[in-house]
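Numbering (this note's numbering), first residue to last: 5 to 447. Virtual Cβ for every residue (Gly too), placed ideally from N, Cα, C. Keep in mind that this is a model prediction, so the values were computed, not measured.
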Amino acid sequence: MTVKLTLPTQSKMLSKDFVYGVATASFQIEGGKASRLPCIWDTFCDTPNTIADGSNGEMACDHFNRWQDDIELIDSIGVDAYRLSISWPRVITESGELNQEGVAYYMNILDTLKSKRIKAFVTLYHWDLPQHLEDKGGWLNRETAYEFRNYANLISKVFGHRVHAYATLNEPFCSAFLGYEVGTHAPGIIGKEFGKKAAHHLLLAHGLAMEVLAKNSPNTLNGIVLNFTPCYPESESLADIIAAAFADDYFNQWYIKPLFDGKYPEILSTLPAAQQPDIHEGDMAIIAHSMDYLGVNFYTRAIYRADVDEHFLQIDPPEPRTDIGWEIYPKAFTELLVSLNEKYRLPPVYITENGAAMADKIIDGVVNDQDRVDYYQQHLNAVNDAIEQGVKVDGYFAWSLMDNFEWAEGYLKRFGIVYVDYETQVRTIKASGLAYKALITNR
5 MTVKLTLPTQ SKMLSKDFVY GVATASFQIE GGKASRLPCI WDTFCDTPNT IADGSNGEMA
65 CDHFNRWQDD IELIDSIGVD AYRLSISWPR VITESGELNQ EGVAYYMNIL DTLKSKRIKA
125 FVTLYHWDLP QHLEDKGGWL NRETAYEFRN YANLISKVFG HRVHAYATLN EPFCSAFLGY
185 EVGTHAPGII GKEFGKKAAH HLLLAHGLAM EVLAKNSPNT LNGIVLNFTP CYPESESLAD
245 IIAAAFADDY FNQWYIKPLF DGKYPEILST LPAAQQPDIH EGDMAIIAHS MDYLGVNFYT
305 RAIYRADVDE HFLQIDPPEP RTDIGWEIYP KAFTELLVSL NEKYRLPPVY ITENGAAMAD
365 KIIDGVVNDQ DRVDYYQQHL NAVNDAIEQG VKVDGYFAWS LMDNFEWAEG YLKRFGIVYV
425 DYETQVRTIK ASGLAYKALI TNR
C-alpha cells in the first residue's frame, strides 16, 4: 500500500527542472455558457441518449466564476505548471475577430499564473468547436483548418509573453474517430467514410497553426498533444499480431507518423477510396512542421484478436480496471514511450495527461483514494523506467486537477486529484492530491 509517491533516488524526475503539473479543459470545468458562443458539445449534450447521466457543461465546476480560488488551489498543490485549454467559442466571434470579454477572462488567468510563477501550458483546441463552424461541416470541411489558423494567430498575438507552451490540438484521434466515425463524442457523426477525412483536416489545422505560432510566439514551446492506447495481440498467433498492428496504425500511428515522417501509415492504401482522406498537394509538408515538444496522454492499453469481418476485434479489458472500465497496465506506458522514441526522432516529451477514474467516496471531508495513489505510483515509475531507457521526458501532468464533466460519461466518472461536490462546488484535495503535492514539494 502506497501512502506516498516515491521514485528511485537518482531519478531525473526528482530534479527541480522536471516540470510537474495538473491539467484541465475548458468545456469540462468552466460553465459560463452565457458569455460564449455555442459549441458542438452544447449541441451534443442537448441530443437525447448521448451523455450517460443526461447532464451538460452549462455549470460544470463553475470555474468561469471560481477561477481565482481554483488558481489558489493549484498553487497550494505546489505544481510548476498548469495545463488549461482556451474555449475557441469564448474568444473568437462568429465573424472571426477577438471577443474582448473572453480574451480578458483568460488574460486574467494567465497573469495570475505568471504572478505565482506557474507555467501556463495552453491547449488551443480541446474539442469545443464553435457550433457555427460545425454547421458548415466542422472538421469534415477543409476550411475549418484555416479558421483554426486564424484563431491561433489572433490569440497567440494577444497572449504574448504570458504563455510557456502551446499545444495546437488535444487528442485529434478523439475528435476524428469518436466524433466523426463512431459518433460517441460530439458532433456524433457515424461512418467510416468520415473519420479519416476529419483527422486530415485536424492535422492540417495543427500544421497551419504551428506556422503561425513559430512566427508570433517563437519563445514558447509549441507542439501538439496526442493520446495513445498501445495495441497488444491477444495471443502469439500471427493473425492476432497482424490485427494488433493494424489497430495500432489505425488508432495511434495515424496521428503521429504524419507529424514526423510526413506521411500516413501504409494501411492508407488498403482503405476503400471512400474512407481515405482528401490530401492536397503540400498538405503533408505543412503537417510535418517541426515541433518543440510532443505531448503524450496515456491511460490504458487495448488487446486485439483477428476477426473474420474486420481488420481487428478489441477484446474486453482484463482486471484490474479503473471505474471507467480501463485496464491498469503501467508496463504499456513504458513500452509505448520507448517504442515511439525508437520509431521517430522525437523532440522532448511531456506527459500531458495520465490518471484514473475511481469510485471516490468523501467521508467526513476526507477522500481516501488509495486506488488512485497506487495508479500514480505505478505510472510515475513507468515514466521513470522509460527515461532510464533513453526517452527524454521533461514533465508530467496529472489528469485531472479536479473532478469534472467527463464527456459522454457526464459527471459519473471522477478523474480529479481534487474532489468536487457538484451541489455546493466545494473542492476537497484527495489523498492522491496530497501525495502528489508531497512528491513535488519535497524535491
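Helix, strand or coil at residue i according to DSSP, with G and I counted as helix
i                 : result
aspartate 79      : helix
alanine 166       : At residue 166 the sequence reads arginine, which differs from the alanine that was named. Helix.
aspartate 139     : coil
cysteine 65       : coil
lysine 365        : coil
phenylalanine 125 : strand
isoleucine 55     : coil
arginine 325      : strand
serine 15         : coil
tyrosine 415      : coil
alanine 439       : helix
tyrosine 333      : coil
isoleucine 96     : strand
isoleucine 245    : helix
proline 176       : helix
valine 342        : helix
aspartate 378     : helix
valine 395        : coil
valine 371        : coil
isoleucine 193    : coil
threonine 10      : coil
lysine 347        : helix
arginine 447      : coil
Span separating the alpha-carbon of residue i from that of residue j
i                 : j              : result
proline 176       : lysine 365     : 33 Å
phenylalanine 48  : arginine 325   : 28 Å
threonine 233     : serine 404     : 18 Å
glutamate 34      : alanine 310    : 43 Å
lysine 20         : glycine 82     : 12 Å
glutamate 427     : alanine 247    : 46 Å
tryptophan 348    : tyrosine 129   : The sequence given here has tyrosine at residue 348, not tryptophan. Going from the Cα of tyrosine 348 to the Cα of tyrosine 129 covers about 24 Å.
alanine 277       : threonine 97   : 37 Å
leucine 208       : aspartate 139  : 20 Å
valine 300        : methionine 406 : 20 Å
leucine 344       : aspartate 368  : 45 Å
alanine 124       : leucine 88     : 7 Å
tyrosine 86       : tyrosine 400   : 11 Å
glutamate 62      : proline 42     : 10 Å
methionine 288    : tryptophan 411 : 31 Å
glycine 211       : threonine 148  : 13 Å
asparagine 103    : alanine 363    : 39 Å
alanine 180       : lysine 16      : 35 Å
phenylalanine 302 : asparagine 358 : 5 Å
methionine 1      : lysine 261     : This structure leaves residue 1 out entirely; the chain is present only between 5 and 447.
alanine 203       : glutamine 14   : 41 Å
Those residues which DSSP pairs with residue i across a bridge
i              : result
arginine 309   : Leu317
tryptophan 403 : Ala27
proline 281    : Per DSSP, none; premise fails for proline 281.
threonine 432  : Tyr423
asparagine 226 : Tyr170
leucine 298    : Ile228 and Val353
tyrosine 86    : Val26 and Ala124
cysteine 43    : Pro134
tyrosine 236   : Ile307
leucine 158    : DSSP output for leucine 158 lists no bridge partner at all.
leucine 102    : Ile96
isoleucine 113 : Per DSSP, none; premise fails for isoleucine 113.
valine 186     : Ile194
Candidates the options, of which the one nearest residue i by Cα
i              : options                           : result
asparagine 60  : Phe409, Phe181, Tyr440 and Ala336 : Phe409
tyrosine 380   : Ala156, Pro322, Asp368 and Ala442 : Ala442
tyrosine 333   : His293, Gln382 and Asn345         : Gln382
valine 342     : Phe163, Pro222, Val387 and Gly414 : Val387
leucine 9      : Thr445, Thr148, Asn446 and Ala439 : Ala439
threonine 127  : Cys65, Asn220 and Val229          : Val229
glutamate 151  : Val216, Phe316, Gln318 and Arg40  : Val216
glutamate 346  : Gln393, Leu384 and Asp375         : Gln393
glutamine 135  : Met63, Trp45, Arg153 and Val95    : Trp45
asparagine 220 : Ala190, Ile260 and Asn157         : Asn157
valine 312     : Ala218, Asp244 and Ser436         : Asp244
valine 397     : Thr356, Ile290, Ile421 and Asp373 : Thr356
threonine 446  : Leu18, Ala251, Val7 and Gln14     : It should be noted that the sequence gives asparagine, not threonine, for residue 446. Residue Leu18 is the option with its Cα nearest to asparagine 446.
alanine 29     : Ser239, Ala108 and Leu133         : Leu133
alanine 361    : Pro352, Glu270, Val377 and Tyr354 : Val377
glycine 437    : Phe22, Gln14, Pro351 and Val26    : Val26
Residue-level contact to chain B via CB, residue i, 9 Å cutoff
i           : result
alanine 149 : Absent here is chain B; the protein component of the structure consists of one chain.
Proximity test, residue i beta-carbon vs the ligand SAM heavy atom, cut-off 8 Å
i              : result
methionine 406 : Among the components modelled here there is no ligand, and therefore nothing to report on the ligand SAM.
| request: Decide yes or no for the touch test of the stretch 416-436 against the stretch 66-81: beta carbon pairs closer than 8 Å, at least 3 of them. | output: yes
| query | Is it a yes or a no for the stretch 126-146 touching the stretch 179-193, going by three-plus beta-carbon pairs under 8 Å? | reply | yes
| query | Between the stretch 223-240 and the stretch 161-176, do at least 3 Cβ pairs fall closer than 8 Å? | reply | yes
| query | How do the stretch 312-327 and the stretch 192-209 stand: do at least 3 beta-carbon pairs fall below 8 Å, yes or no? | reply | no
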